[in-house]
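Reviewing the structure listed below.
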Amino acid sequence: MPRLSGVAAFALTACADGTGTGDAGRLVVTPPEATCVSGDRVALAASLDGARADAAEFTVAGEGIWLPAVGRRGTATVTCEGVGRGVVSVSAAGQTALVPFVVRPPAPGLVHVAVAPAALVLLNGTRATLDAVVTSSLPDASTAPRFESSDTVIAAVDSLFGVVRARGPCSATITVRAHADPAARAVVPVTVTRGSIAVGGIAANPAAIDLVVGDSARITVDVFLASTAPPGTTRAATFTSRDPSVVRVSSAGVVRGVYPGRAIVEVSPVAAPALVTTVSVTVRDPAP
Numbered sequence: 071m072p073r074l075s076g077v078a079a080f081a082l083t084a085c086a087d088g089t090g091t092g093d094a095g096r097l098v099v100t101p102p103e104a105t106c107v108s109g110d111r112v113a114l115a116a117s118l119d120g121a122r123a124d125a126a127e128f129t130v131a132g133e134g135i136w137l138p139a140v141g142r143r144g145t146a147t148v149t150c151e152g153v154g155r156g157v158v159s160v161s162a163a164g165q166t167a168l169v170p171f172v173v174r175p176p177a178p179g180l181v182h183v184a185v186a187p188a189a190l191v192l193l194n195g196t197r198a199t200l201d202a203v204v205t206s207s208l209p210d211a212s213t214a215p216r217f218e219s220s221d222t223v224i225a226a227v228d229s230l231f232g233v234v235r236a237r238g239p240c241s242a243t244i245t246v247r248a249h250a251d252p253a254a255r256a257v258v259p260v261t262v263t264r265g266s267i268a269v270g271g272i273a274a275n276p277a278a279i280d281l282v283v284g285d286s287a288r289i290t291v292d293v294f295l296a297s298t299a300p301p302g303t304t305r306a307a308t309f310t311s312r313d314p315s316v317v318r319v320s321s322a323g324v325v326r327g328v329y330p331g332r333a334i335v336e337v338s339p340v341a342a343p344a345l346v347t348t349v350s351v352t353v354r355d356p357a358p
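What the sequence shown shows, in the working numbering, is residues 71 to 358, in sequence order.
This is the structure we're talking about:
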């Protein structure tokens, strides 16, 4: 059966005497389409021949919208959380109607992006995580960041989680945009070096840690000395938590969960403190 924007075609079934009779009626969704701004909410209502479609099912597809609430009597609330396009599919009585959504950016100055660190210097082959915070005066707008590299040959970045991987000596930039408003952004310069005269590389394991508040885990580090390293060059490393209120780390690399949240631990060789790799630590409340 063809699916129409906000309207599903009326279906007929055959009776024993050969006449036709309507099934539950034509499915109509109001509004049949929507254009909204990040942070808006849109109410949808489904009906069959003018009566509420109590058994209607709502599903959503697309990056810009989601369904925080579906009513029991043919209604649903759609949140326009980020710039983009989406579709709400409404099904009832064997029919399906599609409601297209277009989400536009809000007025300037309502969404802001902050990122740490403000710049990265990485040894070729190592990684680091950018910690981005999106704030908004729009209560229903997305606070998710999006990451993009100016040159993935030099520095690649995970678009959702901000993990930067150094791939070739040179310079690039990572742009961090707000999903709710791509005009709200921050730019982080990235410099990838071949290494130092003393240190050829550093690796920290594990790359990510999950902890319950009060629990601890240890980060192990391998510091690879360069062939030009002076005799006696230390392989020791330093550990720094970007948010000690969430995660604390000892000089021996033991991390402890302090408060629910997420924090980044930076690891650097003592012999080459400009070289940094990172470990992402997530802290959760104990299970009830």
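We put the CB at the ideal spot given by N, CA and C, even for glycine. Predicted model, so just to flag it, every value in this text is computed and none were measured.
Could you tell me the distance, in whole angstroms, from the CA atom of ALA184 to the CA atom of THR213? 11 angstroms
Tell me the rounded alpha-carbon separation between VAL291 and ALA344. 16 angstroms
Which of the three DSSP states is assigned to SER108 in this structure? coil
Name the residue from ALA125, GLU127, THR149 whose alpha carbon lies nearest to the alpha carbon of TRP55. Since the displayed the chain opens at 71 and closes at 358, residue 55 lies outside it and no answer follows.
Just checking my contact of VAL99 with VAL181 at CB under 8 angstroms: how many whole Å lie between their CB atoms? Contact flag wrong, Cβ pair sits at about 30 angstroms.
Nearest-angstrom Cα separation, counted from GLY232 out to HIS249: 14 angstroms
By how many angstroms is the C-alpha of PRO239 removed from the C-alpha of ASP228? 19 angstroms
With 16 other CB atoms within 10 Å as the buried threshold, where does ALA256 fall? buried
If we count the other Cβ atoms within 10 Å of its Cβ and call it buried at 16 or more, is PRO314 buried or exposed? exposed
Name the DSSP bridge partner or partners of GLU218? THR245
Report the rounded CA-to-CA distance for ARG264 versus VAL191, giving the unit in angstroms. 11 angstroms
As assigned by DSSP and simplified to three states, the class of GLY156: strand
Quick one: using the 10 Å Cβ neighbour count with 16 as the cut-off for buried, is SER286 buried or exposed? exposed
Burial state of ASP110, where buried means 16 or more other Cβ atoms lie within 10 Å: buried
Under a three-way DSSP split, which group does ALA274 fall into? strand
With a threshold of 6 angstroms on Cβ separation, who are the neighbours of ALA278 within its own chain once the five nearest residues in sequence on each side are excluded? SER350
If you drop the 5 nearest sequence neighbours on each side, which residues of the same chain put their C-beta closer than 8 angstroms to that of THR298? ILE267, ALA268
Within 10 angstroms of the Cβ of ARG155, are there 16 or more other Cβ atoms? Answer buried if so, exposed if not. exposed
Under the rule that 16 or more other beta-carbon atoms within 10 Å means buried, what is GLY271, buried or exposed? buried
Burial state of LEU208 (16 or more Cβ within 10 Å): buried
Indicate the three-state DSSP secondary structure (helix, strand or coil) for GLU133 in the structure shown. coil
Below 7 angstroms CB to CB, which residues in the same chain sit around ASP119 once its five sequence neighbours on both sides are set aside? GLY95, ARG96
For the beta strand (DSSP E) containing VAL349, name the first residue and the last one. 347–354
Pull up the distance between the alpha-carbon of VAL130 and that of GLN165, whole angstroms please. 16 angstroms
In whole angstroms, what separates the C-alpha of PHE309 from that of ALA254? 32 angstroms
Ordered along the chain, which non-local residues of its own chain (more than five positions away) have a Cβ less than 6 angstroms from that of GLU336? THR310, VAL346, THR348
Under three-state DSSP, which class holds VAL340? coil
For GLY327, report the span of its beta strand (DSSP E) as first-last. 324–327
Determine the contact status of VAL319 and VAL353, defining contact as a CB-CB distance below 8 angstroms. no
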